[in-house]
Amino acid sequence: MRIRVTTFILMFLILSTAYSAEYNGKNIDGIEFDCTAYSYDTGNWYFVTVEFDGDEATIYFSNGGYITLTLDKKIIDDPRAIDAYDYDKRVYWELEVDGLE
64 MRIRVTTFIL MFLILSTAYS AEYNGKNIDG IEFDCTAYSY DTGNWYFVTV EFDGDEATIY
124 FSNGGYITLT LDKKIIDDPR AIDAYDYDKR VYWELEVDGL E
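Those letters in the sequence shown? Residues 64 to 164, by the working numbering.
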């Protein structure tokens, strides 16, 4: 029983850190960044803030609304071109995040 509990705790710790969003090898989960978001549905740019959590990004609009997007990749190569998808509304988004460089 003790081995199972220890194994569970170790696996939880490994998996919880393995699924964080990263840029240049640094975990960026839980940090709010200024962002410009482009919606392929409306064809408009929005000035928002974004917070990452694993393979998800929640963008917050100035009117108090928000949406959660799924990132194409949890490791971010270019903060000026982060592709994400809104599965609820079936819309692609492109995020340009300030403050990551």
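The C-beta atom is built at its ideal place from N, Cα and C for all residues, glycine as well. Please read all numbers here as calculations on a predicted model, not as lab measurements.
Using 10 angstroms around the beta-carbon of residue i, count the other beta-carbons present and answer buried if the total reaches 16, otherwise exposed.
i	result
ALA147	buried
Any heavy atom of the ligand MG closer than 7 Å to the beta-carbon of residue i?
i	result
THR99	Here there are no bound small molecules, and the ligand MG is not part of this structure.
Less than 6 Å between C-beta atoms, sequence neighbours within five positions excluded: which residues of the same chain meet that for residue i?
i	result
ASP135	ASP146
LYS152	none
Along the chain, where does the beta strand (DSSP E) containing residue i start, and where does it finish?
i	result
ALA144	That residue, ALA144, is in no beta strand (DSSP E); it is neither H nor E in DSSP.
THR99	95-102
VAL159	Reading off the sequence shown, one finds Glu at residue 159, where the question assumed Val. It spans 154-160 - the beta strand (DSSP E) in which GLU159 sits, taken as one unbroken run.
In the DSSP assignment, what are the bridge partners of residue i?
i	result
LYS89	TYR86
GLU119	ASP116 and THR133
Report all residues from its chain with a CB closer than 7 Å to the CB of residue i; omit the five preceding and five following residues, and keep chain order.
i	result
PHE96	THR112, VAL113, VAL160, ASP161, GLY162 and LEU163
Within the same chain, show all residues whose beta-carbon is closer than 8 Å to that of residue i, passing over the 5 residues directly before and after it, in chain order.
i	result
TYR150	THR133
GLY117	TYR82, SER83, ALA84, ASP92 and LYS137
Distance, Cα to Cα, residue i vs residue j?
i	j	result
ASN107	TYR82	30 Å
LEU158	ILE66	44 Å
ILE91	TYR103	25 Å
PHE115	THR105	23 Å
TYR109	GLY93	21 Å
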